[in-house]
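S.K.:
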Amino acid sequence: MKNIFFLLLTSVMFLSTCKKDDSDISNYCFDVPEIGGYIQRDANGSTIGIVGKPIHYPGEYPGAWMMVCPNPLFSYMNSFVVYCSDNTNEKKLWITRAKFKNQLSPTGVTLGMNTAWLSGGKIFEKKFVERDIHIDKSLFTEGYYRVYLEIDGQVYYDNLVISNETIYY
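For our numbering, add 9 to where a residue sits in the sequence shown, where the first one is 1.
Dropping the structure here:
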């Protein structure tokens, strides 16, 4: 009888925890995202080049989209900007640490920033309505980051590199 009661109690507890939750995706602590590269952009958002094979989902014009620039962000720069296509609705932005999926070739970036991270939990978050948001670089250390932006329930993401050195390509 005790075994049946224990089995029934365990089943009820398991089933009650297995339901879809309406909480915000940015509240979850998830694995550290892996980036295979990034899009180099100047301060105006113009593409300069591509390093590696970026794993990103920035959306596309003329629909919803987002981008981070400048990228990479060097020591002499004070902030970066997240631009998006929507300037009327509230958007959710959050940033996590990231790591490179594969080591880059010798001509790529070798900053020694592939430190193992315990989680991909958010380290910065902000809600805003404007078309762009300026973020102070002093809030972050040198390394790789994944920048997420939720627009109308759809999540877009881009990669960001912050370097204390100027990288020449």
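By construction, the Cβ of each residue, glycine as well, lies at the ideal position given by its N, Cα and C atoms.
Give the DSSP bridge partners of K108, in chain order.
M.R.: Along the sequence shown, read from residue 1 onward, the residue named residue 108 stands at position 99. For K108, which the question treats as bridged, DSSP gives the partners E43.
S.K.: Could you give the distance in angstroms between the alpha-carbon of L169 and the alpha-carbon of E69?
M.R.: Taking the first residue of the sequence shown as 1, we reach residue 169 at position 160. Taking the first residue of the sequence shown as 1, we reach residue 69 at position 60. So the alpha carbons of these two residues sit roughly 18 angstroms apart.
S.K.: On the DSSP bridge assignment, give the partners of K100 in chain order.
M.R.: To locate residue 100, count along the sequence shown from 1; it is residue 91. In the DSSP output, where bridge partners are listed per residue, K100 has F137.
S.K.: In the DSSP assignment, the beta strand (DSSP E) including M76 goes from what residue to what residue?
M.R.: Counting from 1 along the sequence shown, the entry for residue 76 is found at position 67. First-last of the beta strand (DSSP E) with M76: M75 to C78.
S.K.: Can you tell me which residues form a DSSP beta bridge with N168?
M.R.: Taking the first residue of the sequence shown as 1, we reach residue 168 at position 159. R155.
S.K.: Measure from the alpha carbon of V91 to the alpha carbon of each residue in T97, S84, N80 and Y85, then state which is nearest.
M.R.: Residue mapping note: residue 91 aligns to position 82 of the sequence shown, counting from 1. For the residues T97, S84, N80 and Y85, the minimum Cα distance to V91 belongs to N80.
S.K.: Using only alpha-carbon positions, find the residue among G162, S84, K101 and Y154 that is nearest to I64.
M.R.: Here residue 64 refers to the residue found at position 55 of the sequence shown. Of the candidates G162, S84, K101 and Y154, the one whose C-alpha sits nearest the C-alpha of I64 is Y154.
S.K.: Answer yes or no: does any C-beta atom of chain C fall closer than 7 angstroms to that of F89?
M.R.: Absent from the structure: chain C. Only one protein chain is present.
S.K.: Pull up the distance between the alpha-carbon of K146 and that of F109, whole angstroms please.
M.R.: By one-based count along the sequence shown, residue 146 stands at place 137. By one-based count along the sequence shown, residue 109 stands at place 100. Answer to the nearest angstrom: the Cα atoms are 20 angstroms apart.
S.K.: With a CB to CB cut of under 7 angstroms and the five nearest residues on each side skipped, what residues in its chain are close to L148?
M.R.: Looking up residue 148 in the sequence shown gives position 139. Answer for L148: F133, listed in chain order.
S.K.: Which one of S172, Y85, C78 and T105 has the shortest CA to CA distance from D141?
M.R.: Looking up residue 141 in the sequence shown gives position 132. If we check each option's Cα against that of D141, C78 comes out closest.
S.K.: Leaving aside the five residues before and after T150 along the sequence, list all residues of the same chain whose C-beta is less than 8 angstroms from its C-beta, in chain order.
M.R.: Position 141 of the sequence shown, counted from the first residue, corresponds to residue 150. Within the same chain, T150 has close Cβ partners I171.
S.K.: Does K62 come out as helix, strand or coil in the three-state DSSP assignment?
M.R.: Indexing the sequence shown from 1 puts residue 62 at position 53. K62 falls in the coil class under three-state DSSP.
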